[in-house]
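Residue numbers (the working numbering): 21 to 282.
Below is one structure; the comments refer to it alone.
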Amino acid sequence: MTDTPNIEIERNGAVATLWMDRPERHNAFDEHLIDAIDRGLQTLGADDSVRVVVLAGRGRSFSAGADLDWMRRAANYDVARNRDEAEALARMLRRLAELPKPTIARVHGAAIGGGLGLVAACDIAVASDKAVFATSEVKFGLIPATIGPYVLRAIGPRQAARYFLTAELIQPAKAYEIGLVHELVADDALDAAIDTLVQALALGGPNAQAESKRLIRDLDGQTIGDALIADTAARIAGIRATDEARERLDAFLSARRAKDAR
């Protein structure tokens, strides 16, 4: 376990769990938690021994969004200071979304505002059937701007229009229905469900998984035409020539375990 203020990083073999550790504040964001998550993700992203990152929250909630004291301070900031802090949050969310290894959100309790953004920025989300979600920003005269790209990617603009405008609570069954989360399980089954996903992820090549994440980002919204066909053909041709692909294909054809398999 590696502890820094506001977060804990727990290692279990090739899996690292980044715990948000402000339980008394329901893991609500302030500038310090944002910075700690960003630094933790940067460390884990650069660590080749880490194959999967799980994002989780200590206490009763995953993350209840913005800390009220931080919001009070921000109300007195000028536009430049507010922009700087918003950009810090946006950079952290982007680092999470573009981390070169699979990420899983372990969601229990409240995932509100920025907390919902964290869920949407992860590759896979597993939630308790007692979790609740909301983009609550309009209630405070704000907009879900920094989390918007990831929420739209997860649930699409039509669903986002409803929940961005109403700020209503999204119950767990609805979160599953609209694609915000991939699985709903009982509280006491969260870790088992994540372990099952980790085992599946461990079978993939780490370079192939990183490139698959990049492929999704680059293909999203693109028109299928000659340029896209050429690009995707070049990608598969290039990755076939990598040591990872050669080793894994040889292992498959030889009915043996790949050397880098976990």
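Don't be surprised by glycine CBs; every beta carbon is placed ideally from N, CA and C.
Excluding sequence positions up to five before and after GLU203, its CB lies within less than 6 Å of the CB of VAL146, ALA213, all in the same chain and listed in chain order. In this structure, ILE27 keeps its C-beta atom at 8 Å or more from the C-beta atom of ASP50. Sixteen is the threshold: since fewer than 16 other Cβ atoms of the shown chains lie within 10 Å of the Cβ of THR243, the residue is exposed. Counting the other Cβ atoms within 10 Å of the Cβ of GLY245 gives fewer than 16, which makes it exposed.
Between ALA84 and GLY168, the gap from beta carbon to beta carbon reaches 8 Å or more. Within the same chain, and ignoring the five residues on either side of LYS159 in sequence, the residues whose Cβ sits closer than 7 Å to its Cβ are ALA187. Assignment of LEU88 by DSSP, reduced to helix, strand and coil, places it in the helix class.
As a beta-bridge residue in DSSP terms, GLU203 pairs with VAL146. Per DSSP, reduced to three states, the secondary structure at VAL70 is coil, with no helix or strand assignment. By the criterion of at least three beta-carbon pairs nearer than 8 Å, the segment 119-134 is in contact with the segment 74-90.
The secondary-structure analysis by DSSP pairs ASN32 across a beta bridge with VAL35. Taking C-beta atoms as the reference points, TYR170 and ALA117 count as a pair closer than 8 Å. Non-local C-beta neighbours of VAL201 in its own chain, meaning closer than 6 Å and more than five positions away in sequence, comprise ALA145, ALA147, ALA195, ordered along the chain. Under the three-state reduction of DSSP, LEU75 is assigned to strand.
Beyond the five residues adjoining it in sequence on each side, ARG111 comes within less than 7 Å, by CB distance, of ASP58 in the same chain, given in chain order. In this structure, ASN102 keeps its C-beta atom at 8 Å or more from the C-beta atom of ALA108. Rounded to whole angstroms, the separation of the alpha carbons of ALA151 and PRO192 is 6 Å. Just so you know, the alpha carbons of ARG234 and ILE190 end up roughly 29 Å apart.
In the three-state reduction of the DSSP assignment, ALA125 falls in the strand class. Counting only runs that start and end inside the segment 210-249, the alpha helix (DSSP H) elements of at least 4 residues fall at 210-221, 226-239.
Comparing C-alpha distances from VAL70 to each of ASP238, PRO226, ALA278, ALA174 shows the shortest one belongs to PRO226. Exclusion of the five residues before and after THR37 leaves GLU30, VAL74, ALA76 as the residues of its chain whose Cβ lies within less than 6 Å of its Cβ. Going by beta carbons, PRO122 and LEU221 fall inside the 8 Å limit.
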